[in-house]
Amino acid sequence: MCALDLSKLSDGAVDFIDEDRLEKLLAAPEPTPQEVRDIIAKALSKEPLSVDETAALLNCSDPEIIEEIFDAARTLKKNVYGNRIVLFAPLYIGNDCVNDCMYCAFRRSNIEAVRRTLTPEEITAEVTALEDSGHKRLILVFGEHPKYDAEFMAETVKQVYAVTSGHGEIRRVNINAAPLDHDGYKIMHAAGIGTYQVFQETYHHETFAKIHPTGTRKNDYLWRLDSLNRAMEAGCDDVGIGALFGLHDWRFEVLGLVTHAVALHERYGVGPHTISFPRLQPAHGISLDNFPMVSDEDFVKLVAILRLAVPYTGLILTARESAEIRRSVMEFGVSQIDAGSRIELGGYAEDTAAQCANREQFELGDVRSLDHVMRELLQDGFVPSFCTACYRLGRTGEHFMEFAIPGFIKRFCTPNALTTLMEYLVDYASPKTRNAGLALVETELGKMPDSPEKTDLQNRLKQIRTTEKRDLYL
Ligand code: SAM
Ligand code: SF4
Numbered sequence: 000m001c002a003l004d005l006s007k008l009s010d011g012a013v014d015f016i017d018e019d020r021l022e023k024l025l026a027a028p029e030p031t032p033q034e035v036r037d038i039i040a041k042a043l044s045k046e047p048l049s050v051d052e053t054a055a056l057l058n059c060s061d062p063e064i065i066e067e068i069f070d071a072a073r074t075l076k077k078n079v080y081g082n083r084i085v086l087f088a089p090l091y092i093g094n095d096c097v098n099d100c101m102y103c104a105f106r107r108s109n110i111e112a113v114r115r116t117l118t119p120e121e122i123t124a125e126v127t128a129l130e131d132s133g134h135k136r137l138i139l140v141f142g143e144h145p146k147y148d149a150e151f152m153a154e155t156v157k158q159v160y161a162v163t164s165g166h167g168e169i170r171r172v173n174i175n176a177a178p179l180d181h182d183g184y185k186i187m188h189a190a191g192i193g194t195y196q197v198f199q200e201t202y203h204h205e206t207f208a209k210i211h212p213t214g215t216r217k218n219d220y221l222w223r224l225d226s227l228n229r230a231m232e233a234g235c236d237d238v239g240i241g242a243l244f245g246l247h248d249w250r251f252e253v254l255g256l257v258t259h260a261v262a263l264h265e266r267y268g269v270g271p272h273t274i275s276f277p278r279l280q281p282a283h284g285i286s287l288d289n290f291p292m293v294s295d296e297d298f299v300k301l302v303a304i305l306r307l308a309v310p311y312t313g314l315i316l317t318a319r320e321s322a323e324i325r326r327s328v329m330e331f332g333v334s335q336i337d338a339g340s341r342i343e344l345g346g347y348a349e350d351t352a353a354q355c356a357n358r359e360q361f362e363l364g365d366v367r368s369l370d371h372v373m374r375e376l377l378q379d380g381f382v383p384s385f386c387t388a389c390y391r392l393g394r395t396g397e398h399f400m401e402f403a404i405p406g407f408i409k410r411f412c413t414p415n416a417l418t419t420l421m422e423y424l425v426d427y428a429s430p431k432t433r434n435a436g437l438a439l440v441e442t443e444l445g446k447m448p449d450s451p452e453k454t455d456l457q458n459r460l461k462q463i464r465t466t467e468k469r470d471l472y473l
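Residue numbers (numbering that gives the first Met the number 0): 0 to 473.
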């Protein structure tokens, strides 16, 4: 076991969230339509927006101008990312926690929570169940506890990669866990993780201090804000930031996220791989009455504005949201969603009710199966993808490449999405989903001009349909 070195921040660490400045920006007068259109034009020319420009978009209230923001987000998403959506599932490994975050059912003062850490056998059972449903990408989730140190988490990652079931295997393991020190991140990097996510929860200092009680580890704002800098310095250059919307003014949190993305980019030449924007959900023993909840209308706005502000960054929308909301924000630039998710410990392999309040961290809004979500995506014209090629070929900063290298999506992303989709259709889909998927694959092939690349793709798709060959990526 290695103890965390809590005194060691990143090289030259500073608290880069200048609250007064952000608040002043949000109190500025509404921008003129021309100012907004100039900012939209900049976003559409695929340039990231500054914090000031993001604030100007957040200050718009004219419904017609807001409609223009929505249109631009839709266009950017279509032009940049196309119609692919990457699918993943969360796997909760342990919910012991030394913190007392006011919003979370895993908080230590919740004595009714059923505490559990999956055994190696239980992890194998969970991963097998996930593979048998068709998943290839997981995010492992941990409470914050000395027993979930980097070595324990790294062992868990290796164990997950080692589980295979039929054609099933997990090809990318991401992590959502407490901040580590440099040594810890080095251990995680060596275990072959994908993204390491740490959400700041709220960028507002006073709110942060209030909801993470004094004396708990999570009460240290700078240790958390600096955590992904340490990750970068330790070699984990694939990091995810996030804010829990509903703790403080949502517009402030958007500026916090964009400031964080800019700070990472300025220091390390690469921004965050993903941004998450979970909304606070009901959780065991927690009343949401005193929290500044974000309305559905504002939620849609925040996703569209984030899309315009950080075009290189993947946006993750989780099953905390209802199927309806997920449908409505998808077109604004979401690039990853989870599906078929179970967040109670052991929930994939054990036959338990889908929602049991004292066994899970919060309530899920979308508990549909992976097959159901896949079918709906296919019917709506999205190409669900389980692709993990960039990560496995060492092409880091994949969103940047998708965005910046002409033809990258056509050459790599679309073919890889289609071959991973074909694996799903052949190995796991229900007949209805398979038919919808095969029709979509034909439509996508129909959009491609004849070329050696297209013939190669058709051959690979045929191999997957007619042989045992899998994992045929570029
Ligand atoms: N324990 C680690 C931590 O706090 O960073 C990592 C895992 S925590 C289980 C994952 C995330 O769930 C938290 O960062 C928080 O944003 C989110 N979360 C906690 N309670 C929530 C709630 N009631 N509704 C929605 N999301 C919640
Ligand atoms: Fe623990 Fe994370 Fe929940 Fe806070 S959010 S109580 S640190 S699991």
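Even for Gly, the Cβ is constructed at its ideal location relative to N, Cα and C.
Under the three-state DSSP convention, the category residue i falls into
| i | result |
| --- | --- |
| leucine 246 | coil |
| valine 293 | coil |
| glutamine 196 | strand |
| tyrosine 147 | coil |
| valine 113 | coil |
| valine 172 | strand |
| leucine 139 | strand |
| serine 327 | helix |
| proline 383 | strand |
| glycine 214 | coil |
| valine 156 | helix |
| valine 238 | strand |
| glycine 93 | strand |
| glycine 270 | coil |
| threonine 258 | helix |
| serine 132 | helix |
| isoleucine 68 | helix |
| arginine 73 | helix |
| valine 253 | helix |
| asparagine 98 | coil |
8 Å Cβ cutoff, residue i in contact with chain D
| i | result |
| --- | --- |
| proline 430 | You won't find chain D in this structure, because it holds only one protein chain. |
Neighbour-count burial assignment, residue i, 16 or more Cβ in a 10 Å radius
| i | result |
| --- | --- |
| alanine 388 | buried |
| glutamate 200 | buried |
| glutamate 46 | exposed |
| aspartate 237 | buried |
| leucine 287 | exposed |
| serine 66 | Note that residue 66 corresponds to glutamate in the displayed sequence, not to serine. Exposed, because fewer than 16 other Cβ atoms sit within 10 Å of the Cβ of glutamate 66. |
| leucine 392 | exposed |
| isoleucine 110 | exposed |
| lysine 76 | buried |
| valine 372 | buried |
| glycine 332 | buried |
| valine 474 | Given that the chain is displayed from residue 0 to residue 473, the structure contains no residue 474 and the question cannot be resolved. |
| glycine 380 | exposed |
| valine 85 | buried |
| glycine 142 | buried |
| proline 145 | exposed |
| aspartate 70 | exposed |
Near the ligand SAM: residue i beta-carbon under 7 Å from a heavy atom
| i | result |
| --- | --- |
| proline 291 | no |
| glycine 197 | The amino acid occupying residue 197 in the given sequence is valine; glycine does not appear at that position. Yes, the beta carbon of valine 197 sits closer than 7 Å to at least one heavy atom of the ligand SAM. |
| proline 277 | yes |
| tyrosine 102 | yes |
| alanine 230 | no |
| alanine 176 | yes |
| glutamate 495 | What is shown of the chain runs 0 to 473, which leaves residue 495 out entirely. |
| alanine 88 | no |
| arginine 469 | no |
| alanine 282 | yes |
| leucine 21 | no |
| leucine 363 | no |
DSSP bridge partner residues for residue i (one or two, in chain order)
| i | result |
| --- | --- |
| tyrosine 311 | DSSP, once it has assigned bridges, lists no residue as partnering tyrosine 311. |
| glutamine 335 | Val85, Ile315 |
| isoleucine 285 | Ala282 |
| serine 450 | None; serine 450 has no bridge partner. |
| glycine 167 | Ser164 |
| serine 49 | DSSP, once it has assigned bridges, lists no residue as partnering serine 49. |
| serine 275 | Gly241, Ile315 |
Proximity test, residue i beta-carbon vs the ligand SF4 heavy atom, cut-off 7 Å
| i | result |
| --- | --- |
| aspartate 105 | The sequence given here places phenylalanine at residue 105; aspartate does not occur at that position. True, at least one ligand heavy atom lies under 7 Å from that Cβ. |
| glycine 142 | yes |
| glutamine 158 | no |
| lysine 217 | yes |
| glutamine 360 | yes |
| asparagine 173 | no |
| cysteine 96 | yes |
Rounded distance between the beta-carbons of residue j and residue i, thought under 8 Å
| i | j | result |
| --- | --- | --- |
| alanine 233 | tyrosine 184 | 3 Å |
| serine 384 | leucine 420 | 7 Å |
| valine 309 | isoleucine 274 | 6 Å |
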